[in-house]
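Novice: Everything in the sequence shown is counted per my numbering, starting at 358 for the first residue and increasing by one.
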Amino acid sequence: MLNQHFSSKNFMRLLTRQDIFRYNMGAGGDDYRAKLVCVEESIAKPAYTFSDFRRKKMAHGEVVSPQNITDEFALRKLNDNIKRVFNIKTTDRNSILPQIKVLLAEGGEFWLQKLDITRFFESIPRASALELAYKDHRLSFESKKILEKLFSTQELSKHPGLPRGISLSSTLSELYMREFDRSCRILTGCYFYTRYVDDIFMLFCEDPGSIEKQLHLPEGLSFHPDKSLSLYHAHKGPVRTSDGGSSVTYLGYEFNFLCVNKDKPTKLQVGIATKKIKKIKTRIMLALFEYCNTKDFLLLKSRLTFLASNYNIGKDSSRGKLYAGVHFNHLLIDKERHCDLNGIDNFLQKALCSKRGSLGRRLVSLLSANQRRELLKISLMQGFQQKIVRPFKPEHLLEIKRVWAHV
358 MLNQHFSSKN FMRLLTRQDI FRYNMGAGGD DYRAKLVCVE ESIAKPAYTF SDFRRKKMAH
418 GEVVSPQNIT DEFALRKLND NIKRVFNIKT TDRNSILPQI KVLLAEGGEF WLQKLDITRF
478 FESIPRASAL ELAYKDHRLS FESKKILEKL FSTQELSKHP GLPRGISLSS TLSELYMREF
538 DRSCRILTGC YFYTRYVDDI FMLFCEDPGS IEKQLHLPEG LSFHPDKSLS LYHAHKGPVR
598 TSDGGSSVTY LGYEFNFLCV NKDKPTKLQV GIATKKIKKI KTRIMLALFE YCNTKDFLLL
658 KSRLTFLASN YNIGKDSSRG KLYAGVHFNH LLIDKERHCD LNGIDNFLQK ALCSKRGSLG
718 RRLVSLLSAN QRRELLKISL MQGFQQKIVR PFKPEHLLEI KRVWAHV
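Right under this line is the structure:
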């Protein structure tokens, strides 16, 4: 039987290194346990309610996050309970992307369909999603009570849908989409289906026709009219796409079908999506502008080094240590598209050496020759090829990423 208690023992299992720094939890296991016992006691009080959430505007919408350790662990354990009770496994992009590359590289005749759901979290009818959890007897009374308290807060109750930023919203959305996903997988001719949050990717062995008319999204949801793409891949010759191009982007990658001869099959070439390249360049510029204001060279160097490095993000029982960073986030790019990373390196070097514009003029006066030389040694291509792994303390990571919070 699942242990759904909101206890300090269960909280210890959910503790992360970032929590220890963020909530000043002390210097060892005894300190952590003492802090979490206080959390358990606070949640157990009948008068316990959630405090106001932090709100932050991001490119894709407003996100919320808990302001204190009690709300943090109440949310985290509630999410853990719902995931385990309903056996919800979120899509792992690191497993589906290699599958997609293999399937697309096989060639032959196939039809590809990519769809995007408009304002995904905001459009899910909250009452309908919550009802799926409330009506299941396997979810504990305590969990249901805390779920009710969460969405009874004045701050969350006045906003539609599910709030972005908390993992519970992702879990509830997966529960809400479960039947839709099942129906997609059994469509005639569909041999591959995946959905990562609001991005749907499907492959067919026969022409699916007007697929959007066949897919019946759950109540409240609709497809984005400008973000769908269909592609036909013949045995030979160029691909035909609804946007007139020869590629499809998905989860940060560009899958490009090269046709050198109309009597021969296309060749798949995988690179970094233009949107993702732009995002990395934006982060470089934000780090440089922030340096102009703070004049903190070590922090600037750390931020640029972070973009060109890899780092440990924890452990997995089956896969061991887990990593992220410039190599592990771009594992699938082909050698012919290493130019994508070289292009970002060139962008960084030009930004550091330019004497034009407001940024260039300020950097000229602020950076010494030695400092500029240090920064010019930083290379995303080198970090990618050499799989350079660097240690970053949790508190340092928070400071590094702070300037990119809205990107």
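Just so you know, even glycine gets a beta-carbon here, dropped at the ideal spot from N, CA and C.
Please report how far the alpha carbon of His-763 lies from the alpha carbon of Ala-416, in whole angstroms.
Specialist: Reading the sequence shown from its first residue, position 406 is the one you call residue 763. Reading the sequence shown from its first residue, position 59 is the one you call residue 416. One C-alpha to the other measures close to 6 Å.
Novice: State the CB to CB distance for the pair Asn-618 and Lys-744, rounded to an integer number of angstroms; the pair is presumed to be in contact (CB under 8 Å).
Specialist: For the purposes of this step, residue 618 is identified with residue 261 of the sequence shown, where counting begins at 1. For the purposes of this step, residue 744 is identified with residue 387 of the sequence shown, where counting begins at 1. Their Cβ separation, rounded to whole angstroms, is 36 Å, which puts Asn-618 and Lys-744 out of contact at 8 Å.
Novice: Label Val-760 either buried or exposed according to how many other C-beta atoms from any shown protein chain fall within 10 Å of its C-beta, with 16 as the threshold for buried.
Specialist: For this step, residue 760 is matched to residue 403 along the sequence shown. Buried.
Novice: Which runs of the alpha helix (DSSP H) at least 4 residues long sit entirely within the stretch 485-516? Give them in chain order.
Specialist: List check, alpha helix (DSSP H) in window: 498-509 and 511-514.
Novice: Taking its Cβ as the centre, do 16 or more other Cβ atoms sit within 10 Å of Asp-388, making it buried, or is it exposed?
Specialist: Residue mapping note: residue 388 aligns to position 31 of the sequence shown, counting from 1. Answer is exposed; the Cβ neighbour count stays below 16.
Novice: Does the stretch 585-602 come within contact of the stretch 498-507, defined as at least 3 CB pairs closer than 8 Å?
Specialist: The stretch 585-602 is not in contact with the stretch 498-507.
Novice: When we look at the beta-carbon of Asp-376 and count the other beta-carbons within 10 Å, is it buried (16 or more) or exposed?
Specialist: Numbered from 1 along the sequence shown, position 19 holds the residue referred to as residue 376. Answer is buried; the Cβ neighbour count reaches 16.
Novice: Near Arg-412, what residues of its chain come up, given a Cβ to Cβ distance below 7 Å and the 5 sequence neighbours on each side ignored?
Specialist: Taking the first residue of the sequence shown as position 1, residue 412 is located at position 55. Answer for Arg-412: Glu-419 and Val-421, listed in chain order.
Novice: Candidates Arg-747, Tyr-648, Ser-722 and Leu-608: which alpha carbon is nearest Ala-665's?
Specialist: One-based indexing of the sequence shown puts residue 665 at position 308. Nearest option by C-alpha distance: Arg-747.
Novice: Rounding to the nearest angstrom, what Cα-Cα distance links Phe-363 and Glu-397 in this structure?
Specialist: Position 6 of the sequence shown holds residue 363. Position 40 of the sequence shown holds residue 397. Rounded to whole angstroms, Phe-363 to Glu-397 spans 6 Å at the Cα level.
Novice: At what residues does the beta strand (DSSP E) containing Asn-613 begin and finish?
Specialist: As a position in the sequence shown, residue 613 is number 256, starting the count at 1. Note, Asn-613: beta strand (DSSP E), 610-615.
Novice: Kindly indicate which three-state DSSP category Met-358 falls into: helix, strand or coil?
Specialist: Here residue 358 refers to the residue found at position 1 when the sequence shown is read from its first residue. Coil.
Novice: For Asp-473, which beta-bridge partners are listed by DSSP?
Specialist: Looking up residue 473 in the sequence shown gives position 116. Asp-556, per the DSSP bridge assignment.
Novice: Starting from Leu-737 and walking both ways along the alpha helix (DSSP H), at which residues does that stretch end?
Specialist: Start at 1 with the first residue of the sequence shown, and residue 737 comes out as number 380. Per DSSP, Leu-737 belongs to the alpha helix (DSSP H) from 737-742.
Novice: Excluding the 5 residues flanking Ile-474 on each side, which residues of the same chain have their C-beta closer than 6 Å to its C-beta?
Specialist: Along the sequence shown, read from residue 1 onward, the residue named residue 474 stands at position 117. Result list for Ile-474: Asp-555 and Leu-578, in chain order.
Novice: Terminal residues of the continuous beta strand (DSSP E) containing Arg-411?
Specialist: Your numbering for residue 411 matches position 54 in the sequence shown. Start and end: 411-415.
Novice: Roughly how many angstroms separate the alpha carbons of Ser-711 and Arg-718, rounded to a whole number?
Specialist: Taking the sequence shown and counting its residues from 1, the one referred to as residue 711 is at position 354. Taking the sequence shown and counting its residues from 1, the one referred to as residue 718 is at position 361. Their Cα atoms are separated by approximately 8 Å.
Novice: Report the CB separation of Lys-471 from Tyr-607 in whole angstroms; it is logged as a contact under 8 Å.
Specialist: Working through the sequence shown from its first residue, we reach residue 471 at position 114. Working through the sequence shown from its first residue, we reach residue 607 at position 250. Confirmed, about 7 Å.
Novice: Excluding sequence positions up to five away, which residues of its chain have a Cβ less than 6 Å from the Cβ of Ile-568?
Specialist: Sequence index remark: in the sequence shown, residue 568 carries index 211 (1-based). Closer than 6 Å at Cβ, skipping near neighbours: Gln-470.
Novice: Put Tyr-648 into one of helix, strand or coil per three-state DSSP.
Specialist: Position 291 of the sequence shown, counting from 1, holds the residue named residue 648. Helix.
Novice: State buried or exposed for Asp-697, treating a residue as buried only when at least 16 other CB atoms are found within 10 Å of its CB.
Specialist: Within the sequence shown, residue 697 is the residue found at index 340, counting from 1. So Asp-697 counts as buried.
Novice: May I have the straight-line CA-CA distance separating Arg-727 from Leu-737, to the nearest angstrom?
Specialist: Numbered from its first residue, the sequence shown carries residue 727 at position 370. Numbered from its first residue, the sequence shown carries residue 737 at position 380. The sequence as given places Asn at residue 727; Arg does not occur at that position. Taking the straight line from one Cα to the other gives about 20 Å.
Novice: Please state whether DSSP places Tyr-405 in a helix, a strand or coil.
Specialist: Position 48 of the sequence shown holds residue 405. In this structure, Tyr-405 counts as coil in the three-state DSSP scheme.
Novice: Where are the beta strand (DSSP E) runs, 3 residues long or more, that stay fully inside the stretch 543-607, in chain order?
Specialist: Those beta strand (DSSP E) runs which fall completely within the stretch 543-607 and span 3+ residues are 547-553, 556-561, 586-590 and 604-607.
Novice: Taking Val-421 as part of the beta strand (DSSP E), name the residues at either end of that continuous run.
Specialist: Position 64 of the sequence shown, counted from the start, is the residue given in the question as residue 421. First-last of the beta strand (DSSP E) with Val-421: 418-422.
Novice: What residue range does the beta strand (DSSP E) around Leu-679 cover?
Specialist: If you number the sequence shown from 1, residue 679 lands on position 322. Element bounds for Leu-679: 677-682.
Novice: If you check the beta carbons only, do Arg-495 and Pro-751 fall under 8 Å apart?
Specialist: On the sequence shown, residue 495 is found 138 positions in, with the first residue counted as 1. On the sequence shown, residue 751 is found 394 positions in, with the first residue counted as 1. Cβ atoms of Arg-495 and Pro-751: not closer than 8 Å.
Novice: Looking at the secondary structure, which residues open and close the alpha helix (DSSP H) in which Gly-717 lies?
Specialist: Along the sequence shown, one-based indexing puts residue 717 at 360. Run containing Gly-717: 714-723, per the alpha helix (DSSP H) assignment.
Novice: Quick one: is Cys-395 buried, meaning 16 or more other Cβ sit within 10 Å of its Cβ, or exposed?
Specialist: Here residue 395 corresponds to residue number 38 of the sequence shown, with the count starting at 1. Per the 10 Å Cβ criterion, exposed.
Novice: What does the alpha-carbon distance come out to for the pair Ile-587 and Trp-468?
Specialist: The residue you call residue 587 lines up with position 230 of the sequence shown. The residue you call residue 468 lines up with position 111 of the sequence shown. The residue you asked about is not Ile; residue 587 is Ser in the sequence shown. Answer to the nearest angstrom: the Cα atoms are 7 Å apart.
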